Each structure stands twice: as C-alpha cells, then as structure tokens.
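Novice:
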Amino acid sequence: MTRDTDRPTPCAVNTLYGSDAMAEMLRRFDMPYVALNPGSSFRGLHDSMVNYLGNHDPHMLLCLHEEHAVSIAHGWAKVTGRPMAVVLHANVGLMHAAMAIYNAWCDRVPMLILGATGPVDAAKRRPWIDWLHTSRDQAAVVRPYVKWDDQPASLQASLSSMMRAMTITTTAPMAPTYVCFDVTVQETAIESLPTLPDPARHAAPEAPGASADQVSTLAQMLAEAQTPVFLIGRVSRDEDDWARRVALAEHFGARVITDIKTGAAFPTRHRLHVGAPGFFLSADSVEVLKEADFVLCLDWVDPAGSLAQAAPMRDDVKVVNATLETLLANGWSMDHQDVLASSLSILTEPDTLVAALCDRLDIEPAASMPPTAPAPQAQKPDAILSLDALSHVLRAGLAKDEHTLIRLPLGWDGRNCDFSGPLDYLGYDGGAGISSGPGMVVGAALALQGTDRMPVAVLGDGDFIMGATALWTGTHQKVPMLIVVANNRSYFNDEIHQERVAQDRGRPVENKHIGQAIEEPDIDIAGFARAQGAEGIGPVETVAEFEAALAEAVTMVRAGKAVVIDARILRGYVKEMAEGMTAEQD
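Our numbering applies: residue 643 is where the sequence shown begins, and numbers increase by one.
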C-alpha cells in the first residue's frame, strides 16, 4: 500500500499553539511554497503547517539538504521577483545553508528565511541535543549577508517580526531576511489566535526614484553624447521594462553591453548590442567602451572593474551610475566591488529610471521583434563533443520550443546567446560558488510551471555533483525540466588557475589536472540523476550522440519528466573566457 506523502490525514484542531499562529501568518503572505529540511527546533511549526494548514498555502517542499532549500527559493525568486519562504533547523541547518544564502544576497533576490533555536530558557532544554541546537545569537552566522534579522521572545513579537521581515525582503534593493523562533514559543498552547498583522497594511515602500532634476540632467547628457554606451545589469523580468530599455537605446543610438552573470537584459542580436555576453567583457565591448563619451550603468555588477578593462578612460567621459547598491554595502563582504567614479549617481532601481526617461522624452516602448539569430553551425556527427559544439546542437534542438535558460556554465561562449526576451536567460547565482545549480533549476522550473516555457540549464559536472540531490525535490513535485551536464570530468576552472601559476613559476603545466580531475573512477551522472527519480541519459560523447539524446530528452520533458543528459565534453575554455580571467588576475 502506498501513501500520499504530501497529503495529511484530516485533523480536528482542538487546542491551538503558538506555531499555529506562525503558520497562519505564512499563509497570509500568499506564498504557494515553503522549502525546508526538517529539524527538531521547528517541530512545532512543522506540525502546524501539516495539521493546522493541511500542507497547502503554503505547500512544503521537502529538500534533502538545507543548501538546496535556499537554492530552490533563489531560483523561484529569479523568475517571479517574489520571495519563497525557507525554514532552516537551528544553528546546524543555518550553517549548512550559509553559502546559498550568500548567493541570494549577492544576487539581490528576496527570500523569507525562518529559523528556530532550542529553548532560550535553559531550564526547559532537554539534555545534550537542545544545548547543541541553541545559540545565543544564531543570526550571527549569516548577519553579514542578510538585510535584517531578529530572534523574538514572544508570540506577538514573532508575528510582528515575520511581517517586518517580509516587508524588508520585498523592499528594493532586495535580499534575504532571517527570523529565528524560540521552540518554547512555538510549542506553548494558546486560547485563540492573536490578532495577526495584515500584509495589506504593511506594503513594501517604493524604492527611491530619480528626482526631476536628475532625470533632466541625465536626459541632457544623453542628448549631448556622441557615442553613448549602456551597461545593463540587474534588471527586471518584466516585458514592458524590457521594451522600454530597447526603446531608450534606440532613441539615443546607444550601444548596449550585457553580461552572463545577470539575466537577459537586452536583445543580444539587436543592432545596438555589442560584443558577446560573458563573465568578463569581450574584446568588442572593451573597444566600444574606449570610444564612449558617455556611459550609463544600470545596476551593472562591478562597473568600476568593467571600466578598468577599457582603461585608460578619457577624462572627458561622463559616467552615470543608477543603482541602489550603496544601501547594502557593508564592511564584511566585498560583493559591492570597487568604488566607481561617476559624474552623477542616482539612487534608484534601473527600470524605474528608464521609465522616467521614457516618460519625459515621450518615448514609446519598442515593439517586440522576432529574433534574427544566425542559424546554429552544423557540426560533424562523429566529432567529439566540445562545449562550443554542445551549444550549437542545443540551439538547434530547442529552436522549436520556447524555453528559459536557467543557468550556463563558466566557459560558455556568449556569441551563442540568443536572448530576445527577459525570461530567455536567468543569470548566474550571484556568489560565484558551486553546488547551487540543481536547486536553482528546480526553483525556477517550479515558477515556470503553467507557462509554455521549457526550463533548461547547462551545468558543470562539479556543480551538478555537489547539488544533485536537489533534483529529488523537483521529481517528487513532478516538475518537468532539462539539465545538460557539460561533463569535462574536472573542476576545470581551477585547472586554468593552476596552468597560470605553473607558467608564472616555470613549472610543468602538464600537472594542472592533479587534484582537479574527477576520474578513476568516473561518476555516473545519469545514474546519479536516476537515483533522484529523474530520467538519466548518457554518457554521450559525440555530436550525433548528443543530438539523439537531446531529441529524446525534449520529448520526455514535454511529457512532464525531469531529464538529465551526461554530455562528456573536451576540456577547454573559449578564448574570451581565458583572456577575461587573465585580465582579472593582472
């Protein structure tokens, strides 16, 4: 006899507990899901979500690791722009999740993280375990990379903190917030539900906008510029915002540069888009920046570093920086990057500024245009698969399916990026670590359910292996998705670094694979996927094998399956990636 592991037996609630009120507060936030890995510190809240709420509104997403819970919420937020709730067990679960929280912080996505601690009152602690899972200041583990945290001591304070955390995480610039509940508050019986804060009366404040004078000054600068350049970074997934960005660039004939660290921001095949999106500026982008007399940075990640790649910039170049970044800069993390010298700094969300400019200048949003991407290059069927060949086969194999690229690996050639809308690509994970990929795919795929878009990701083998058990949550929820693992059997990013060090020191580059190669024995990627309930295909090693695998995978994803292809590729980065890494090191 099988059981529905997500549908609880109906329960008559005769006595209410503090955690029932917390669960009801979650429901009022209108969140469809809450991601968690279970733990005793929030056993009261867990029971309330099951037996008081009936495991719906929100529905619990069981995750096999706390880092996956946060990564899934991260992927969800990248599509929806809205937070998912995450519940983490005590200090130990929070420590597990710390890297994923840092990713979400660096990527500026909203997330409501709820934690719990053993009884704050030492007299109520069980021997051993409650002492291990109680911290005096639990949020200290993640405080440098959350916007706000609290450890309330009463039920009413807990409900108030939940409301405050929700308001703060959804206020731009967005980033995670964290509230830690006392287990005793959760498990204390109450006579009735207290008055809960009303989310409708706690709306997130609008972010600062450009003043009329700033908009006027910027419009004048643009009108006077002969060779304007837009650096477009973290922007919204909204179609209207996309159309206004295109219209503004067309109005001023501005060249546009985008990157691969952030999501699709501008049509990559547009006549004004220059260079290939990458983790570093392409050679073409550098040349355009060198010729610019005006640069508008729209929440661009690392504007000072990017402009330094085009150094020396002329003294007459005017730079305008539109971002809310200064509101999150702190002394612990250097994710705020180097300080930018600018002629004008505007504390605003980039799309708010673009809309204000368009309104002032009576610029109508640009009409959507069909992509004019060149056809993928035909590959020799018997050729050993490379990352470049994989990208061409993938483009051809997905040409008839509207899809969202959730993730692309280091080394991806941006010349093969055909982005014509804001959901064509979601960007990287913010913190530039590894293991977040599978969880973010699951979260984004959940958010894309009900649309016509096929969720697709290309992940490195190291990223996939570290985070592969996140797939179980997706298959348990029957979420269709396609993951192609670009499997070079190595932590190859660091092989590049070892090669550089060896060259600098006059030592043999032939040794760069030692301590990097994931071989002897090989890892069965497809078997790993099947162990999580997904369909596993491969390994495939030639172009023809990958073409056949991709066709089979697309058919299965259309039928509602989660599919992973183990695509074994030659080791090697594209020339632009290697040059970018060298430039950064120099």
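For each residue, glycine too, the CB sits at the ideal point set by N, CA and C. Since the model is a prediction, treat every value here as computed from it, not as a measurement.
Ser1010: which of Val721, Arg887, Val692 sits nearest, CA to CA?
Specialist: From the listed residues Val721, Arg887, Val692, the smallest Cα separation to Ser1010 is found for Arg887.
Novice: Tell me which same chain residues have a C-beta within less than 6 angstroms of the C-beta of Val1084, skipping the five on either side of it?
Specialist: Ile714, Ala1112, Thr1115, Gly1116
Novice: Quick one: what's got a C-beta closer than 8 angstroms to Ser858's C-beta in the same chain, skipping five residues either side?
Specialist: Arg1002
Novice: Give a yes or no on whether the C-beta atoms belonging to His738 and Gly1081 are separated by under 8 angstroms.
Specialist: One thing to note: His738 has its Cβ no nearer than 8 angstroms to the Cβ of Gly1081.
Novice: Using DSSP bridges, identify the partner residues of Leu704.
Specialist: Leu704 is bridged to Leu678.
Novice: How many Å lie between Asp941 and Arg843 at the Cα?
Specialist: 30 angstroms
Novice: For Val1216, is the classification buried or exposed, using 16 other Cβ atoms within 10 angstroms of its Cβ as the cut-off for buried?
Specialist: Here the model assigns Val1216 a pLDDT of 48, short of 50, so the residue's position is not dependable and the matter cannot be decided.
Novice: Note down the Cα distance separating Glu1226 from Gly920, rounded to an integer number of angstroms.
Specialist: Only weak support exists for where Glu1226 lies, its pLDDT of 45 falling under 50; the coordinates are left without a value.
Novice: According to the neighbour-count rule (16 or more other Cβ atoms, all chains shown, within 10 Å of its Cβ), is Val1236 buried or exposed?
Specialist: The structure shown has nothing for residue 1236, since the chain only spans 643 to 1228.
Novice: Name the DSSP beta bridge partners of Tyr659, please?
Specialist: Ala831
Novice: According to DSSP, is Ser1010 part of a helix, a strand, or is it coil?
Specialist: coil
Novice: I'd like the list of long-range same chain contacts for Leu1052, defined as Cβ closer than 6 angstroms, with 5 residues on each side in sequence excluded.
Specialist: Asn1135
Novice: Classify Gly1092: buried if its beta carbon has 16 or more other beta carbons within 10 angstroms, exposed otherwise.
Specialist: With fewer than 16 Cβ atoms within 10 Å of its Cβ, Gly1092 is classed as exposed.
Novice: In the DSSP assignment, the alpha helix (DSSP H) including Arg1147 goes from what residue to what residue?
Specialist: 1134–1147
Novice: Answer with buried or exposed for Arg1200, where buried requires no fewer than 16 other C-beta atoms within 10 angstroms of its C-beta.
Specialist: Counting the other CB atoms within 10 Å of its CB gives Arg1200 a total below 16, which places it among the exposed residues.
Novice: By Cβ distance, which residues of its chain are closer than 7 angstroms to Gln1174, with the 5 residues on each side in sequence left out?
Specialist: Ala1110, Thr1111, Leu1113, Trp1114, Thr1117, listed in sequence order.
Novice: Would Met643 be called buried (16 or more neighbouring beta carbons within 10 Å of its own) or exposed?
Specialist: Confidence at Met643 is low in this model, with a pLDDT of 38, below 50, so its placement is unreliable and the value that follows should be read with caution. Result: exposed.
Novice: Tell me which same chain residues have a C-beta within less than 7 angstroms of the C-beta of Trp884, skipping the five on either side of it?
Specialist: Scanning its chain for C-beta atoms nearer than 7 angstroms, with the 5 sequence neighbours on each side dropped, one finds around Trp884 the residues Gly1063, Pro1064, in chain order.
Novice: Which residue marks the beginning of the alpha helix (DSSP H) containing Phe936, and which one marks its end?
Specialist: Premise fails: Phe936 lies in the beta strand (DSSP E), 936–940, not in any alpha helix (DSSP H).
Novice: Using the Cα positions of Leu989 and Ile1125, report the straight-line distance between them to the nearest angstrom.
Specialist: 38 angstroms
Novice: Out of Phe684, Ala719, Gly696, state which residue places its alpha-carbon closest to the alpha-carbon of Leu756.
Specialist: Phe684
Novice: Compute the Euclidean distance between the alpha carbons of Asp646 and Gly696, then round it to the nearest angstrom.
Specialist: 13 angstroms
Novice: Pro839: buried (16+ other C-beta within 10 angstroms of its C-beta) or exposed?
Specialist: So Pro839 ends up on the buried side.
Novice: Taking contact to mean 3 or more Cβ pairs, one atom from each stretch, closer than 8 angstroms, check whether the segment 1174–1189 and the segment 1098–1106 are in contact.
Specialist: No contact exists between the segment 1174–1189 and the segment 1098–1106.
Novice: Ordered along the chain, which non-local residues of its own chain (more than five positions away) have a Cβ less than 7 angstroms from that of Ile1026?
Specialist: Within the same chain, Ile1026 has close Cβ partners Glu1183, Thr1184, Leu1212.
Novice: Can you tell me whether Val1216 is helix, strand or coil according to DSSP?
Specialist: Low confidence applies here, because Val1216 scores a pLDDT of 48, under 50, leaving its location unreliable; read the following figure in that light. Looking at Val1216 - three-state DSSP - the assignment turns out to be coil, as it is neither helix nor strand.
Novice: Output needed for Leu801: all residues of its chain with C-beta closer than 8 angstroms, excluding positions within five of it in sequence on either side, in chain order.
Specialist: Sequence-distant Cβ neighbours of Leu801 in its own chain, meaning closer than 8 angstroms and more than five residues away, are Ala663, Met664, Met667, Pro836, Leu838, Pro839.
Novice: So is Asn1153 buried or exposed if we call it buried at 16+ other beta carbons inside 10 Å?
Specialist: exposed
Novice: Measuring alpha carbon to alpha carbon, tell me which of Met804, Asp935, Trp1054, Arg806 ends up nearest Gln868.
Specialist: Asp935
Novice: Could you tell me the boundaries of the beta strand (DSSP E) in which Asp926 lies?
Specialist: Looking at the DSSP string, Asp926 is not in any beta strand (DSSP E); the run it does join, the alpha helix (DSSP H), is 925–933.
Novice: Can you tell me the Cα-Cα spacing of His775 and Met1123, whole angstroms?
Specialist: 37 angstroms
Novice: If you reduce the DSSP assignment to three classes, tell me which class Met816 lands in.
Specialist: Met816 falls in the coil class under three-state DSSP.
Novice: So the candidates are Pro794, Ala854, Arg897, Asp791; which of them puts its Cα closest to the Cα of Leu999?
Specialist: Ala854
Novice: Can you name the start and end residues of the beta strand (DSSP E) that Met753 belongs to?
Specialist: Counting along the chain, Met753 sits inside the beta strand (DSSP E) bounded by residues 753–759.
Novice: Per DSSP, what are the beta-bridge partners of Ile1165 in this structure?
Specialist: Paired residues: none, contrary to the question.
Novice: Taking the C-alpha atoms as reference points, what is the distance between Ile1207 and Glu1177?
Specialist: Between the alpha carbons of Ile1207 and Glu1177 lies a distance of about 8 angstroms.
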